[in-house]
DNA sequence: CATGAATGAGCTTTCATTCAT
DNA sequence: CATGAATGAAAGCTCATTCAT
């Protein structure tokens with residue numbers, strides 16, 4: 001469920017639902033359909049603007065079903081937050097890193113994060129919505145500490161790199177993680193106001209590529225051993 | 001109207017309104033009061049959640065006045081976006097930088113941005129809202145290109161620093177500006193979800209101080225001349 | 001569904017709803033009640049003046065139900081137009097005419113139309129409203145071409161009368177129909193301004209009787225074979 | 001002020017405003033402009049839909065002026081009703097009839113009425129609106145009995161025709177007037193619903209011409225001496 | 001497991017009108 | 001003679017949610 005370190009333990013399947021009846025299957029399908037629609041509609045219209053009606057119609061279901069499966073609108077949004085983190089984690093877990101090459105690993109991590117944000121704007125949007133609501137729902141979501149594992153991986157990379165003498169020893173994994181996330185997130189999240197100000201379309205492929213290169217080089221500079229101290 | 005470079009030309013007073021009648025004064029007060037209330041309420045409840053009723057009541061005025069002065073709710077929000085940018089700019093213009101000391105200047109710019117975001121959460125929140133609406137309103141706002149002047153200042157600092165041999169010549173001001181903004185903005189904007197994940201309260205003074213130091217040192221590392229290239 | 005020609009085929013029951021549950025019955029009652037109230041309120045206050053609130057209250061229901069059953073106010077008005085035409089048609093279909101007596105048939109048709117307008121002022125009023133709105137709703141209503149069948153009957157009467165030598169052959173049924181409708185409609189529709197001008201109350205029974213006689217005699221003169229041509 | 005009978009007494013100028021100051025002129029212009037705008041807007045949007053705001057803007061004036069000149073919205077509508085009757089009368093007064101040719105005179109009267117309705121749809125529309133409001137405003141308007149003079153003229157024509165032996169003696173002028181008005185008015189007023197039903201565009205020139213011919217011939221048949229009675 | 005019916009509160013906006021200058 | 005400011009009521013409509021089958 002996290003950045004995989006060359007050991008594909010794909011066996012982990014906690015919530016294994018064995019042998020579902022046809023009705024249970026249909027029920028799960030309805031639930032999944034509502035959840036998928038909710039992600040789309042909430043990302044598009046916001047939490048207030050995304051009405052249960054819009055969602056149930058997008059899912060080709062009925063309002064009532066949302067209450068049936070998620071209790072109420074808030075419960076649905078909690079499930080949405082859970083789901084998008086789960087998806088992020090699943091994607092993250094498919095990242096294959098070679099700890100023997102920490103520089104390359106770090107580059108890959110940066111690339112993964114920046115591109116995930118770019119390719120999943122609903123993830124960014126929904127996190128923004130949640131922060132606008134002061135993190136009210138995330139506390140009610142039930143998931144194991146995902147992000148910390150991501151930080152753990154960065155920590156491992158940092159440690160390996162430091163041992164190899166290519167990285168500075170003083171850096172905290174948390175800071176580096178936040179730095180990468182910030183540089184990727186901000187670019188995506190604020191692309192509309194930024195584009196207006198910079199007079200430049202940040203959604204263009206070239207702009208993104210340039211930014212990605214900048215972030216990678218900045219991150220590498222950040223972890224480089226202090227030359228004046230050596 | 002921008003980062004002031006040691007030349008306090010505070011005299012500029014463009015739209016000087018001379019001799020207002022008592023009615024005109026009251027009218028301006030009503031408008032200003034509505035705008036102030038709108039900033040507060042929109043930041044608190046969002047664009048959908050911040051009803052014209054809540055706003056007009058917070059301003060001790062009436063719904064109708066919003067339509068009188070701003071046309072409609074959207075016009076009010078456009079005015080809000082304009083206003084918060086104006087405020088940011090006014091604050092920015094009070095920053096006094098000594099170009100002879102580019103390192104210190106850069107440090108001050110970073111500090112200013114990070115602390116402005118921290119001390120004006122409504123600025124961050126409202127920009128998020130605007131981005132959630134795909135920058136729909138900012139295009140309708142009428143203001144001179146603010147951010148580019150900010151970038152201009154950074155550009156000057158970078159050039160001065162490069163001439164003095166303390167900065168790398170290859171860095172683009174735009175990238176550096178975005179980097180600083182991203183690191184400051186993300187910390188503030190995503191503090192709720194981040195706090196949940198890191199298991200750490202990012203609103204604590206110590207957490208902020210630590211992050212500020214990290215950002216300053218990272219920025220300085222980023223602009224440092226490439227030692228291997230020297 | 002039209003002027004019945006002595007063949008009472010009252011059996012026709014197309015949309016037979018068999019065995020309704022108690023809920024479904026109540027639902028239909030709610031819908032019907034809203035529609036009835038809408039006819040009354042729209043006729044009384046006009047389309048703008050007849051608020052959904054007034055209507056729902058008159059129907060002892062709730063605003064929301066109008067949107068539930070009719071989509072919006074406009075949809076409700078479309079349903080109203082449909083309904084009043086349907087009612088007119090039902091009444092029309094009960095008219096029993098003897099084609100062997102075309103003179104008497106024509107007289108009966110004139111009487112029916114004039115008296116229907118008089119006894120159903122809401123029909124006239126609502127048609128006026130619709131024309132004030134340039135026929136915007138009638139296009140959205142779904143009904144089989146009613147009026148043309150009415151014209152068809154007049155056509156039959158005219159043909160029969162012409163064959164019997166009592167009617168002129170040159171008259172178009174459409175023109176005769178419009179003439180009768182015009183004479184009946186105008187009297188009812190414009191009775192307020194007319195009364196003011198003529199200084200005479202057109203709502204008095206005697207005034208109506210006199211007008212009815214005038215219309216009948218005029219119609220008969222109109223269809224009479226041209227004496228100079230005989 | 002009425003159907004002129006070959007005696008152009010154009011001298012009648014009651015409300016002669018002699019020598020206006022420049023301010024008084026401007027004031028009258030404002031008033032006239034508002035009135036003109038009101039006719040247009042009321043005809044277009046109805047009494048409820050035609051807001052004082054729309055009207056004052058269309059007149060390039062201000063809401064307040066409506067209250068200044070007409071007291072309130074109702075007063076404005078009363079003035080509108082007055083104005084359109086006045087206009088109709090002015091047009092009517094320009095009709096030149098030769099009483100020595102009653103047949104031709106009648107034809108001309110029919111033509112005048114039908115064409116006036118066609119060319120001044122706002123007249124028809126506004127009368128409809130007034131009738132929808134049960135003639136509430138017309139009573140408050142101050143004008144001399146216009147329509148009765150029209151009837152008077154028809155009466156003269158009828159008398160002359162009867163004396164000449166070409167018209168029936170039994171016809172009442174009022175009935176004939178109402179008949180002509182009805183046939184012209186209904187065609188114009190109900191053209192939208194009629195067009196929908198007849199499947200024929202009544203606004204086409206050819207349709208109007210045909211109807212005009214029908215009305216003229218019908219009117220002539222109506223006043224023809226009863227051949228069986230002669 | 002799913003659905004149509006119902007509810008009451010809330011939303012943005014427009015309205016006719018009056019006030020103060 | 002004209003204007004900007006202000007007001008309170010009401011409009012059409014959407015909302016999240018619950019009820020009864």
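Chains as they are written, first to last, in full-length UniProt numbering: chain A, 1 to 230; chain B, 1 to 230; chain C, 1 to 230; chain D, 1 to 230.
For each residue, glycine too, the CB sits at the ideal point set by N, CA and C.
Just so you know, these numbers come straight off a predicted model, no measurement behind them.
> Along chain D, in chain order, which residues have C-beta atoms closer than 7 Å to that of residue 179 of chain C?
Replying inline: As a working note, residue 179 of chain C is residue 179 in the third chain. Those are 183 and 218, listed as they occur along chain D.
> Since residue 181 of chain A and residue 113 of chain A are thought to touch, with beta carbons under 8 Å apart, how far apart are those beta carbons, to the nearest angstrom?
Replying inline: Here residue 181 of chain A refers to the residue found at position 181 of the first chain. Here residue 113 of chain A refers to the residue found at position 113 of the first chain. With a Cβ gap of about 6 Å, residue 181 of chain A and residue 113 of chain A count as contacting.
> With 16 other CB atoms within 10 Å as the buried threshold, where does residue 204 of chain A fall?
Replying inline: For the purposes of this step, residue 204 of chain A is identified with residue 204 of the first chain, where counting begins at 1. Label assigned to residue 204 of chain A: exposed.
>> Taking contact to mean 3 or more Cβ pairs, one atom from each stretch, closer than 8 Å, check whether the region 96-108 of chain D and the region 47-67 of chain D are in contact.
In response: no
> Applying the criterion that 16 or more other CB atoms from any shown protein chain within 10 Å of the CB defines a buried residue, is residue 219 of chain C buried or exposed?
Replying inline: As a position in the third chain, residue 219 of chain C is number 219, starting the count at 1. Label assigned to residue 219 of chain C: buried.
> Taking the alpha helix (DSSP H) that residue 111 of chain D falls in, what are its first and last residues?
Replying inline: Working through the fourth chain from its first residue, we reach residue 111 of chain D at position 111. Looking at the DSSP string, the run of the alpha helix (DSSP H) that includes residue 111 of chain D is 102-119.
> Helix, strand or coil: how does DSSP classify residue 136 of chain B here?
Replying inline: In the second chain, residue 136 of chain B corresponds to position 136, counting from 1. Residue state, collapsed to three classes: coil.
> Can you list the residues of chain B that residue 175 of chain A reaches, using a CB-CB cut of under 7 Å?
Replying inline: Indexing the first chain from 1 puts residue 175 of chain A at position 175. Per Cβ cutoff of 7 Å: 214.
> Mind checking residue 164 of chain A: buried by the 16 CB within 10 Å criterion, or exposed?
Replying inline: Sequence index remark: in the first chain, residue 164 of chain A carries index 164 (1-based). It is exposed - the Cβ of residue 164 of chain A has fewer than 16 other Cβ atoms within 10 Å.
> Over what stretch of residues does the alpha helix (DSSP H) that includes residue 195 of chain C continue unbroken?
Replying inline: Residue 195 of chain C sits at position 195 when you count from the first residue of the third chain. Unbroken alpha helix (DSSP H) run through residue 195 of chain C: 191-198.
>> Please list, in chain order, the residues of the UniProt domain "HTH tetR-type" (28-88) of chain A that have any C-beta partner in chain B closer than 7 Å.
In response: 46, 48 and 49
>> Counting only Cβ-Cβ distances shorter than 8 Å, please list the residues of the region 104-119 of chain C near chain D, keeping chain order.
In response: none
> Which residues in the same chain as residue 174 of chain D place their Cβ atom closer than 7 Å to its Cβ, once the five residues preceding and following it in sequence are excluded?
Replying inline: For the purposes of this step, residue 174 of chain D is identified with residue 174 of the fourth chain, where counting begins at 1. Once the five neighbours on either side are set aside, the close Cβ partners of residue 174 of chain D are 151.
> Do you know how far the Cα of residue 66 of chain B is from the Cα of residue 108 of chain D?
Replying inline: Counted from its first residue, the fourth chain places residue 108 of chain D at position 108. Counted from its first residue, the second chain places residue 66 of chain B at position 66. Using only the alpha carbons, I get a separation of about 58 Å.
> chain C beta carbons: is any one of them nearer than 8 Å to that of residue 154 of chain D?
Replying inline: Taking the fourth chain and counting its residues from 1, one reaches residue 154 of chain D at position 154. Output row for residue 154 of chain D: interface = no.
> Does the beta carbon of residue 201 of chain A come closer than 8 Å to any beta carbon on chain B?
Replying inline: Taking the first chain and counting its residues from 1, the one referred to as residue 201 of chain A is at position 201. Not closer than 8 Å to any Cβ of chain B, the Cβ of residue 201 of chain A fails to qualify, so no.
> If you draw a straight line from the alpha carbon of residue 10 of chain D to that of residue 99 of chain D, how long is it in whole angstroms?
Replying inline: The count along the fourth chain starts at 1 and reaches residue 10 of chain D at position 10. The count along the fourth chain starts at 1 and reaches residue 99 of chain D at position 99. For residue 10 of chain D, the predicted structure reports a pLDDT of 38, less than 50, and the residue's modelled location is therefore unreliable. The matter cannot be settled from this model.
> Under three-state DSSP, which class holds residue 60 of chain D?
Replying inline: Walking along the fourth chain from the start, residue 60 of chain D turns up at place 60. If DSSP states are grouped into helix, strand and coil, residue 60 of chain D belongs with coil.
>> Below 8 Å on C-beta distance, what does residue 125 of chain A contact in chain B?
In response: The residue you call residue 125 of chain A lines up with position 125 of the first chain. Residues of chain B passing the Cβ test: 132.
> Quick one: which chain D residues come within Cβ less than 7 Å of residue 189 of chain C?
Replying inline: Working through the third chain from its first residue, we reach residue 189 of chain C at position 189. Correct list: 131.
> At a cut of 8 Å, does the region 116-130 of chain B reach the region 123-142 of chain A through at least three beta carbon pairs?
Replying inline: yes
> Hey, does residue 21 of chain C have any beta-carbon neighbour from chain D nearer than 8 Å?
Replying inline: Here the question's residue 21 of chain C lines up with position 21 in the third chain. Residue 21 of chain C does not count as touching chain D.
>> So residue 221 of chain D contacts chain C; which residues on that side make the cut at Cβ distance below 7 Å?
In response: Mapped onto the fourth chain, residue 221 of chain D falls at position 221. Under the 7 Å cutoff, chain C gives 221 and 222.
> With a Cβ-Cβ cutoff of 8 Å, do residue 185 of chain D and residue 186 of chain C count as a contact?
Replying inline: As a working note, residue 185 of chain D is residue 185 in the fourth chain. As a working note, residue 186 of chain C is residue 186 in the third chain. Cβ atoms of residue 185 of chain D and residue 186 of chain C: closer than 8 Å.
> Is it true that the region 25-41 of chain C meets the region 32-50 of chain D, where meeting means three or more beta-carbon pairs spaced less than 8 Å apart?
Replying inline: no
> Using the beta-carbon of each residue, which ones in chain D are nearer than 7 Å to residue 204 of chain C?
Replying inline: In the third chain, the residue the question calls residue 204 of chain C occupies position 204. Those do not exist, as residue 204 of chain C stays about 14 Å from chain D at its closest Cβ, beyond 7 Å.
>> Would you say the beta carbon of residue 202 of chain C is closer than 7 Å to some non-hydrogen atom of the ligand HEM?
In response: Absent from the structure shown: the ligand HEM. Ligands present: none.
> Can you tell me the Cα-Cα spacing of residue 118 of chain D and residue 197 of chain C, whole angstroms?
Replying inline: Position 118 of the fourth chain, counting from 1, holds the residue named residue 118 of chain D. Position 197 of the third chain, counting from 1, holds the residue named residue 197 of chain C. Taking the straight line from one Cα to the other gives about 21 Å.
>> What would DSSP say about residue 163 of chain C, mapped onto helix, strand or coil?
In response: Locating residue 163 of chain C in the third chain gives position 163, where the first residue counts as 1. Reduced to three states, the DSSP call for residue 163 of chain C is helix.
>> Tell me which residue opens and which closes the alpha helix (DSSP H) that residue 207 of chain A is part of.
In response: By 1-based counting over the first chain, the position of residue 207 of chain A is 207. Taken as a continuous stretch (DSSP letters only), the alpha helix (DSSP H) holding residue 207 of chain A covers 205-223.
> If you draw a straight line from the alpha carbon of residue 48 of chain D to that of residue 68 of chain C, how long is it in whole angstroms?
Replying inline: Numbered from its first residue, the fourth chain carries residue 48 of chain D at position 48. Numbered from its first residue, the third chain carries residue 68 of chain C at position 68. Residue 48 of chain D and residue 68 of chain C: Cα-Cα distance of roughly 26 Å.
> When you compare only the Cα positions, how much space is there between residue 7 of chain B and residue 28 of chain D?
Replying inline: Mapped onto the second chain, residue 7 of chain B falls at position 7. Mapped onto the fourth chain, residue 28 of chain D falls at position 28. Here residue 7 of chain B scores only 39 on pLDDT, less than 50, and its place in the model should not be relied on; the value that follows carries that caveat. Those two C-alpha atoms are separated by around 60 Å.
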